[in-house]
Amino acid sequence: MKDKEFLEMIVKNIVSSPDAVVVDRTVDEMGVLLTLKIDPADMGYVIGRRGQTAQAIRTLLKIVGAKNNSRVNLKIYDPNGGAKPAGMVRRDDRNDNRVDNRDIDTSAVDDLKI
Numbered sequence: 001m002k003d004k005e006f007l008e009m010i011v012k013n014i015v016s017s018p019d020a021v022v023v024d025r026t027v028d029e030m031g032v033l034l035t036l037k038i039d040p041a042d043m044g045y046v047i048g049r050r051g052q053t054a055q056a057i058r059t060l061l062k063i064v065g066a067k068n069n070s071r072v073n074l075k076i077y078d079p080n081g082g083a084k085p086a087g088m089v090r091r092d093d094r095n096d097n098r099v100d101n102r103d104i105d106t107s108a109v110d111d112l113k114i
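First residue of the sequence shown? That's 1 in full-length UniProt numbering, and the numbers climb one at a time after it.
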């Protein structure tokens, strides 16, 4: 149970709505799975730029698991399924202009098979 408490402590200190942090812990043959549920507005704080914060949290949980001879995995529950909200505007890093995602033409790569 130290892993669950550890995750709660880290995340509650990162997010702006600590009361919304819920951690579900399940154990199976693969090890321990911690499912983190947070306020959707705090998702960026937990994920971090390019996923660096989430990766750092996962690394720390692996250390906690190794100390207790178990495998600990983190799943961050996303009620949107990873989709960005409609009309979300992102920053174009090359020239610092705002780009509206609704105006981007993706027809050239829609049928791309990899």
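Ideal Cβ positions, reconstructed from N, Cα and C, are used throughout, including at glycine.
Please list the terminal residues of the continuous alpha helix (DSSP H) segment that includes residue i.
i	result
V46	43–47
N13	2–14
Beta strand (DSSP E) containing residue i: first to last residue?
i	result
G31	31–37
Please state the DSSP three-state secondary structure of residue i.
i	result
R58	helix
D19	helix
D78	coil
R25	strand
Would you say residue i and residue j are within 7 Å of each other, going by their C-beta atoms?
i	j	result
R25	K2	no
V22	Y45	no
I38	A20	yes
N47	A56	Note that residue 47 is Ile in the sequence shown, not Asn. Not a contact, by the Cβ cut-off of 7 Å.
D42	S17	yes
Can you find at least 3 beta carbon pairs, one from the segment 26–42 and one from the segment 59–79, that sit closer than 8 Å? yes
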